[in-house]
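In our numbering, the protein residues as written are 192 to 330.
Here a beta-carbon is modelled for each residue, glycine too, at the ideal position from N, C-alpha and C.
Reading through the structure tokens given below for one structure.
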């Protein structure tokens, strides 16, 4: 039946992994909406143990993101917490789409990202196909 495991310290391998573990943070979800020339950003996070702050990042190409603003984490809590921020977009008004994400920073320098959301700046009435599959015109 059950035997005795005779392991010694020589049988166990320990490894150190820097910045490779996932954060304890859960349910980091971002939503965005456009009102005039301001983007409203709302996000929620759960289990913020050891989370220091949230950095709002913006991009015009969904690849290269820059920091827009930040918010401190609410502290050592494991409940769902809601946050919000705004972004005045006058400096990037020429863009047709802006992309946003949240970078959650841990106290020890590790980080994780939220989902990426797209905000279209050139909203027009009617139906639009986006991105357009046509280059010039329809025949």
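Item, Value
"Just to confirm my understanding: we take residue 277, look at its own chain, exclude 5 residues before and 5 after, and list those with CB closer than 6 Å. What are they?", "229, 231"
"What is the rounded straight-line gap between the Cα of residue 306 and the Cα of residue 300?", "20 Å"
"Could you pull the DSSP bridge partners for residue 335 from this structure?", "The question about residue 335 has no answer, for the chain in this structure spans 192 to 330."
"If you drop the 5 nearest sequence neighbours on each side, which residues of the same chain put their C-beta closer than 6 Å to that of residue 217?", "237, 238"
"If you count every other CB in all the chains shown that lies within 10 Å of the CB of residue 223, and 16 or more means buried, which is it?", "buried"
"Rounded to whole angstroms, what is the Cα-Cα separation between residue 267 and residue 280?", "33 Å"
"Comparing alpha-carbon positions, which option in 309, 225, 220, 240 lies nearest residue 270?", "240"
"Where DSSP assigns a beta bridge to residue 248, which residues make up the other side?", "258, 292"
"For residue 284, does the three-state DSSP call read helix, strand or coil?", "coil"
"Quick one: residues in its chain with C-beta nearer than 6 Å to the C-beta of residue 292, no 5 flanking neighbours on either side, listed in chain order?", "248, 304, 305, 307"
"Could you give the distance in angstroms between the alpha-carbon of residue 258 and the alpha-carbon of residue 313?", "23 Å"
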